[in-house]
Amino acid sequence: MVVRGHELPPRQRGYIQYHDNHVVTLFTASNYCGNARNKGAVMLVGPRLDYKIVEHTAPTLARISAEYLRAKGKQLLKDESQDSRRAILDLENTEQHHMTHQQVQSMKADIIHKFQDKIVGNKDELWHFWQSADSGGSGTISQKQFRQGLAQSFTFELPMVFVQKMFLKDSFLDSQGRVLYNDLLEAYRPTANADTLNGTWVRDIVMKAYEALLNCDYTMDQTFSMLDTDGDGTVDLMEFKQALISSKLELPDSQINAIMRAIMRDSKTSLTVMNFLDGFQAVYSESKVQKILSPQLLQAQKNLTILSEKLFETRSRSEAFKEIDTDGDGYISIEEFWVVLDKMGFAHLMPPERQSMWDILNLNGDEHVNYLEFISAFRTKAEVSRSLDEVSKEVVASVLTILQGNKMSIDVAFRFFDPRGDGCIAAEDFKDGLRALNLSIGASGGALSEDQLQILVDYVDKDKDGTIDYSEFQSAFNLS
């Protein structure tokens with residue numbers, strides 16, 4: 270038999286039994302933190318290891334306070350007048366009411382805090398449920414559908430109507446009282462310090478997803494077919510996942526969902542292929558520009574932005590691509606690119622300036638530009654939007670949810686690799702610890718892919734000495 274503690278049992282009990290009663294969780298503290306309203310429990314073990322579990326409920330703080338005041342009052346009232354006796358009794362009633370009010374407020378605050386944590390931890394399940402309920406793609410659901418999503422996603426019972434009244438702010442409701450579920454999901458994210466949230470590791474993770482598709486080097490028609498496998502002209506979540514699988518990118522489900530949530534933020538349950546690619550490339554382009562440092566490349570990017578505004582003034586992206594691709598092979602050659610530069614008013618550019626523009630276009634360094642490379646290089650002013658910010662926040666949140674939800678496992682792994690307790694471990698050992706965490710969670714819930722593990726290790730090993738300071742890692746990702 271295994272007897273364990275530390276976890277509050279469900280249904281406000283003091284214990285719970287698993288595996289034919291061979292594993293027992295005991296929680297001795299009743300009314301945990303003064304507001305959980307759970308029973309406590311103790312196990313009485315006999316000489317032959319037979320046992321009995323006894324539950325108990327300790328008096329509340331208000332009851333203890335009242336008993337204290339009553340006992341104090343009895344002592345003082347022995348020789349006091351009736352006025353004094355009434356004053357002491359009034360004090361007792363006032364104190365007891367005050368403690369009860371404090372308890373109620375504390376309980377409400379604690380419920381809301383725990384509820385928000387559950388929203389963060391179950392964001393994928395809630396998003397899928399509410400998005401399915403939003404058949405018209407309005408971005409709103411009824412309050413009943415809101416409660417149904419909570420009931421399905423959470424593993425414990427709550428008085429959902431009561432919680433809804435405390436939790437649903439006016440900012441989460443439209444003028445008809447319907448729930449703006451995207452706004453609600455966007456509002457609750459796990460926290461980390463500002464440097465971590467704005468770190469290069471976030472940008473690198475976003476870029477990896479796009480570059481995996483880009484490096485497949487498909488023609489425009491092949492790209493459309495890869496993303497729209499059923500040929501209905503739209504991209505849904507499953508098609509996006511399948512495209513990433515075909516491009517051999519091992520991105521965890523939680524991050525795929527995070528990217529799709531941000532891209533589809535103001536759209537219906539599926540996107541046209543063109544709109545999807547526009548949203549995805551806007552995110553990637555913003556990430557890519559942050560890596561461009563040389564003045565020459567910055568100027569080349571500005572020239573490409575001006576060119577894009579001219580190209581797309583009267584054409585869609587696909588129309589512009591086909592117009593430039595004069596030989597119809599599904600790619601743009603450097604000669605075809607020179608021709609369009611001359612047509613669009615860039616004939617004055619010197620060969621090195623033209624070459625810099627081509628280098629930004631030709632991301633995978635081969636002899637031509639595919640469709641994804643083409644749209645990633647061209648950003649109109651309207652596209653310099655919140656896309657990157659939203660995707661970054663969602664991806665960071667998906668990673669932090671896993672890391673912060675497994676603080677104890679990460680701490681155990683760190684201590685295993687740091688037997689001397691000096692606070693530092695080798696970067697490779699740190700990566701092995703995170704790999705073990707991924708395996709324990711499972712493939713669909715893994716916090717980081719193998720490429721992302723390396724990105725994260727590179728980020729936390731700031732001085733590049735091959736060691737990780739665990740306290741800095743804890744602080745950066747709010748794991749302490």
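The numbering of the sequence shown is this note's numbering, which starts it at 270 and goes up by one.
Where a beta carbon is used, it is the ideal one built from N, C-alpha and C, also for glycine.
Suppose you measure from the CA of residue i to the CA of residue j; what does that come to, to the nearest Å?
i: asparagine 391; j: phenylalanine 423; result: 8 Å
i: glutamine 624; j: glutamine 568; result: 12 Å
i: alanine 646; j: leucine 573; result: 7 Å
i: threonine 488; j: serine 523; result: 29 Å
i: tryptophan 470; j: proline 316; result: 57 Å
i: lysine 612; j: glutamate 592; result: 12 Å
i: glutamine 511; j: methionine 495; result: 8 Å
i: leucine 453; j: phenylalanine 441; result: 6 Å
i: valine 665; j: isoleucine 603; result: 38 Å
i: glutamine 433; j: serine 404; result: 22 Å
i: leucine 313; j: alanine 298; result: 16 Å
i: valine 448; j: arginine 530; result: 17 Å
i: lysine 733; j: tyrosine 739; result: 15 Å
i: arginine 584; j: phenylalanine 590; result: 9 Å
i: glycine 406; j: tryptophan 399; result: 10 Å
i: aspartate 386; j: alanine 378; result: 12 Å
i: methionine 368; j: cysteine 302; result: Per-residue confidence for methionine 368 stands at a pLDDT of 49, beneath the threshold of 50, marking its modelled position as unreliable; no derived number is given.
i: glycine 599; j: leucine 610; result: 19 Å
i: histidine 288; j: glycine 674; result: 24 Å
i: serine 700; j: glycine 274; result: Reading off the sequence shown, one finds lysine at residue 700, where the question assumed serine. Approximately 30 Å between the Cα atoms of the pair.
i: serine 587; j: glutamine 565; result: 28 Å
i: glutamate 508; j: isoleucine 601; result: 26 Å
i: valine 272; j: asparagine 290; result: 10 Å
i: asparagine 639; j: leucine 630; result: 9 Å
i: phenylalanine 686; j: leucine 725; result: 18 Å
i: serine 444; j: leucine 437; result: 14 Å
i: phenylalanine 545; j: tryptophan 396; result: 18 Å
i: serine 563; j: arginine 689; result: 45 Å
Out of the options, state which residue places its alpha-carbon closest to the alpha-carbon of residue i.
i: glutamine 570; options: Ile593, Glu622, Asp720; result: Glu622
i: lysine 676; options: Ile694, Asp698, Gly702, Arg689; result: Gly702
i: isoleucine 679; options: Ser585, Asp698, Asn290; result: Asp698
i: threonine 632; options: Gly408, Asp289, Met476; result: The identity of residue 632 in the sequence shown is leucine, whereas the question assumes threonine. Per the Cα distances, Met476.
i: arginine 704; options: Arg586, Leu717, Ile514; result: Leu717
i: leucine 706; options: Gln721, Leu672, Phe685; result: Leu672
i: phenylalanine 683; options: Lys662, Ile737, Glu663, Ser709; result: Ile737
i: glutamate 578; options: Gly614, Val608, Leu669, Met543; result: Gly614
i: glycine 283; options: Val292, Val293, Ala310; result: Ala310
i: glutamine 723; options: Leu618, Asp594, Asp490, Asp473; result: Asp473
i: tyrosine 320; options: Thr326, Ala327, Val293; result: Val293
i: asparagine 747; options: Thr670, Gln721, Leu419; result: Thr670
i: serine 516; options: Leu546, Asp490, Phe545, Glu480; result: Glu480
i: aspartate 596; options: His637, Leu576, Lys383; result: His637
Run through DSSP, which three-state label would residue i get?
i: threonine 503; result: strand
i: threonine 649; result: With a pLDDT of 48 at threonine 649, under the threshold of 50, the modelled position of that residue is not reliable, and no figure is offered here.
i: serine 740; result: helix
i: leucine 442; result: strand
i: serine 563; result: coil
i: glycine 390; result: helix
i: histidine 288; result: coil
i: serine 602; result: strand
i: lysine 277; result: As written in the sequence, residue 277 is leucine, which differs from the lysine given in the question. Correct three-state label for leucine 277: coil.
i: glycine 735; result: coil
i: glycine 315; result: coil
i: alanine 696; result: helix
i: histidine 762; result: Examination of residue 762 is not possible in this model, given that the chain is present from 270 through 749 alone.
i: leucine 618; result: coil
i: alanine 310; result: strand
i: leucine 295; result: strand
i: threonine 488; result: coil
i: threonine 595; result: coil
i: threonine 583; result: coil
i: threonine 460; result: coil
i: threonine 670; result: helix
i: threonine 541; result: strand
Tell me, to the nearest whole angstrom, how far the beta carbon of residue i is from that of residue j; I am working on the premise that it is less than 8 Å.
i: tyrosine 457; j: isoleucine 388; result: 5 Å
i: phenylalanine 643; j: tryptophan 627; result: In fact, because the Cβ distance is near 12 Å, the residues do not count as touching under 8 Å.
i: leucine 641; j: threonine 492; result: 6 Å
i: phenylalanine 296; j: proline 279; result: That belief does not hold up - the Cβ atoms of phenylalanine 296 and proline 279 are roughly 11 Å apart, past 8 Å.
i: glutamine 281; j: asparagine 307; result: 4 Å
i: alanine 695; j: glycine 634; result: The pair is not a contact, with the Cβ atoms about 34 Å apart (cut-off 8 Å).
i: valine 729; j: glutamate 719; result: Between glutamate 719 and valine 729 the Cβ distance is about 16 Å, and since that is not below 8 Å, they are no contact.
Taking the beta strand (DSSP E) that residue i falls in, what are its first and last residues?
i: arginine 416; result: No beta strand (DSSP E) contains arginine 416, which is instead part of the alpha helix (DSSP H) from 412 to 422.
i: tyrosine 759; result: The chain is shown from 270 up to 749; residue 759 falls before or after that span and cannot be answered.
In the DSSP assignment, find the alpha helix (DSSP H) that holds residue i and state where it starts and stops.
i: leucine 722; result: 719 to 729
i: threonine 498; result: Counting along the chain, threonine 498 falls outside any alpha helix (DSSP H), and DSSP gives it neither H nor E.
i: arginine 273; result: Looking at the DSSP string, arginine 273 is not in any alpha helix (DSSP H); the run it does join, the beta strand (DSSP E), is 271 to 273.
i: methionine 677; result: 676 to 686
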